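Here's the structure, in structure tokens; my notes come after.
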Amino acid sequence: MDDQGRRLLVIGGGAAGMSAAMAARRLQTNREIVVLERGSHVSFVLCGLPYFVSGIVKNLDSLIVYTPEYFRAERNIDVRTGHEVKRIDAQSATVEFVDVATREKGVISYDKLVITAGAQPIVPSIRGLALPGVFALRSLEGGAAIKDFLARRPVRRAAIIGAGYIGLEMAESLKTAGARVTMIEASDSVLPGSEPEIAALIEEEVRRQGVELLKQQLALSIESNAAATVDRVTTDSGDVEADMVLIAAGARPDTAIARETGIGVGETGGIVTDEMMRTNIPDIYAAGDCAEARHLLTGRPIFLPLGTTANKQGRVAGENACGGHAVFPGILGSLAFRLFDIEVARTGLSRPGAGGGLRANQRRRPLPFALAVLPRRPDAHRQAGRRQAQRPAPRRPDGRQWHGGEAHRRRRRGAAREDGGVRPRAPRPGLRAPSWDGMGGHSARRPGATAASGCRRLGASATPGIPAHQTTTFRGKLAV
Ligand SMILES: Cc1cc2nc3c(=O)[nH]c(=O)nc-3n(C[C@H](O)[C@H](O)[C@H](O)COP(=O)(O)OP(=O)(O)OC[C@H]3O[C@@H](n4cnc5c(N)ncnc54)[C@H](O)[C@@H]3O)c2cc1C
């Protein structure tokens, strides 16, 4: 193509960034591609972090699919770790960066730029955040710090602030690592925004496993003991004893550099792009957790930071930055995760999640929804398969959640549809799905990477002794 030989610059070497770089390389074999990453690693699998903390994943290397050396030697992609971008000058098409180790500054020009800066954890402004033993999990380094802390001292009691899917996964991990776990959730439900029936089942499982769950409680401070380490979390309803605290209160798009450049940021806090992942500034694209997506049902922007979306958006951005015409139409909000002895999946809009959102799309007829609830058991996937054969799923997964052995299969089916043809290839935490070349494609995966990453095939690891098989299906119409 025309742009052969000109420089594509990518900020960030996570799922979106390396997807963009690889898509560009596939399209243009001679193009100069440079990735600036402030951390020490690229092409990592953050979704495996809970399994690293619990010990299922034995070492952090297992979560790194490809090294910078691999990208340089095999893909001719110039990956520069330890390089933090400080400023973008769109007028001169240059980027200022600093070498994290030497603090030396530098400037690099670009012809096309893809921003994939990811997201930052939301940390409540409470006292005690700087105490040793307080963590937020958003990077490999964060996972390593938790693991190191667990290795250095016995953690008998752990508190998790936030009961979203990462908080829930970490509850299992920390319990497996030997801690007594208490979850502190400000809202009246785990997995906020999910169907009440599903949330109730998750809560039942969490409690059945011995995790204490405190809902509608606000963490006010983290207090230390005489040794200046974490002693307890104070909430508006009392104290929670803890030797360690994990903040899992969500994430927000990292858009600081984009904002300074005049790149448009939307109501969700993410960078606004069109379907080709172009920002409002010529030659600058954005993808992944730093960008927003469009919800296919409401037609409205949504911020749902997931690796699956980051991979697809990154690929589209990388292709288009190299003269391609790829499109990312939007997402349905599909999510699946494993929790102790159950599996949970959702796609589409939940009743609480729908709210008034559907009004943006008045021309649609009322949307059907259905929920299937299944315990996790060895043959759950086979039974799910039979049920699916008997009752074909509706063409659009408009508002559904699943829980149990069927979850993963359903999610993959929903995810395959949700992007209008951009195939899902991201690795799953605890569940297993096909992944792509930048993150560990089946054909070229680094030996041992996924095998040790905690990703498992459904049913293969189900725990015996789950109550007898039961299915609950909720059907109805979303009131819009
Ligand atoms: C514990 C955990 C579990 C998860 N589980 C799942 C899951 O089960 N399923 C799922 O789909 N998703 C999951 N996710 C989310 C998924 O990991 C993210 O959506 C995905 O990593 C986003 O990719 P990204 O490339 O947009 O951002 P990131 O992977 O965060 O990469 C952004 C990169 O940009 C770099 N960067 C930022 N600013 C600069 C700068 N100024 N200069 C240079 N470099 C910069 C950062 O260092 C980072 O490496 C999980 C996340 C976590 C933390």
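Using numbering that gives the first Met the number 0, you'd call the opening residue of the sequence shown number 0 and step up by one each time.
Positions of the beta carbon are idealized from the N, C-alpha and C atoms, including for glycine.
Computed from a predicted model, the values in this text were never measured in an experiment.
Neighbourhood of residue i by C-beta distance below 6 Å, restricted to the same chain and skipping five residues each side
| i | result |
| --- | --- |
| Arg-74 | Arg-24 |
| Gly-13 | Gly-117 |
| Arg-444 | Because the pLDDT at Arg-444 is just 37, under 50, the model does not fix this residue reliably, and the value given afterwards should be weighed accordingly. Excluding positions up to five away in sequence, the list is empty. |
| Pro-463 | In this predicted model, Pro-463 has a pLDDT of only 27, less than 50, meaning its place in the structure is not dependable enough to derive any value. |
| His-441 | Caution applies to His-441, whose pLDDT of 31 falls short of 50 and renders its modelled position unreliable; the value that the coordinates give is listed next. Excluding positions up to five away in sequence, the list is empty. |
| Phe-70 | Ile-76 and Val-78 |
Residue(s) in a DSSP beta bridge with residue i
| i | result |
| --- | --- |
| Lys-311 | Beta-bridge pairing links Lys-311 to no other residue. |
| Met-243 | Ala-157 |
| Gln-119 | Arg-251 |
| Tyr-50 | Answer is none; Tyr-50 lacks a bridge partner. |
| Val-9 | Val-34 and Val-113 |
| Asp-88 | Thr-93 |
| Thr-80 | Glu-36 |
| Ser-108 | Thr-93 |
| Leu-334 | Arg-345 |
Ligand 1 heavy atom lying under 7 Å from the CB of residue i
| i | result |
| --- | --- |
| Glu-73 | no |
| Phe-327 | no |
| Pro-304 | yes |
| Leu-48 | yes |
| Phe-339 | no |
| His-324 | no |
| Asp-88 | no |
| Gly-11 | yes |
| Ile-270 | no |
| Glu-95 | no |
| Asp-288 | yes |
| Ile-165 | yes |
| Leu-136 | yes |
| Val-84 | yes |
| Leu-45 | yes |
| Glu-36 | yes |
| Ala-100 | no |
| Ala-15 | yes |
| Ala-22 | no |
Distance cut-off 7 Å: residue i Cβ against heavy atoms of ligand 2
| i | result |
| --- | --- |
| Asp-253 | What this structure holds is ligand 1, not ligand 2. |
Cut-off 7 Å between Cβ atoms - residues of its own chain near residue i, not counting five sequence neighbours on either side
| i | result |
| --- | --- |
| Ser-223 | Gly-127, Leu-130, Val-229 and Asp-230 |
| Glu-83 | Arg-37, Phe-96, Val-97 and Val-99 |
| Thr-308 | Ala-292 and Ile-330 |
| Glu-140 | Gly-38 |
Cβ separation of residue i and residue j, assumed to be a contact under 8 Å, to the nearest whole Å
| i | j | result |
| --- | --- | --- |
| Leu-296 | Gly-347 | 6 Å |
| Phe-148 | Met-243 | 7 Å |
| Cys-289 | Thr-115 | 6 Å |
| Lys-174 | Gln-208 | 7 Å |
| Gly-16 | Val-34 | 6 Å |
| Gln-119 | Asp-253 | 5 Å |
| Ile-201 | Val-343 | 6 Å |
8 Å CB neighbourhood of residue i in its chain, flanking five on each side removed
| i | result |
| --- | --- |
| Pro-123 | Ile-160, Ala-218, Ile-246 and Ala-248 |
Beta strand (DSSP E) runs contained entirely in the stretch 211-240, provided each spans 3 or more residues: Counting only runs of 3 or more, we get 211-213, 218-223, 229-234 and 237-240.
Segments assigned alpha helix (DSSP H), at least 4 residues, entirely inside the stretch 250-309: The DSSP assignment places 255-260 as complete runs of the alpha helix (DSSP H) inside the stretch 250-309, in order along the chain (cut-off: 4 residues).
Whole alpha helix (DSSP H) elements within the stretch 131-211, 4-residue minimum: 139-151, 164-175 and 195-207
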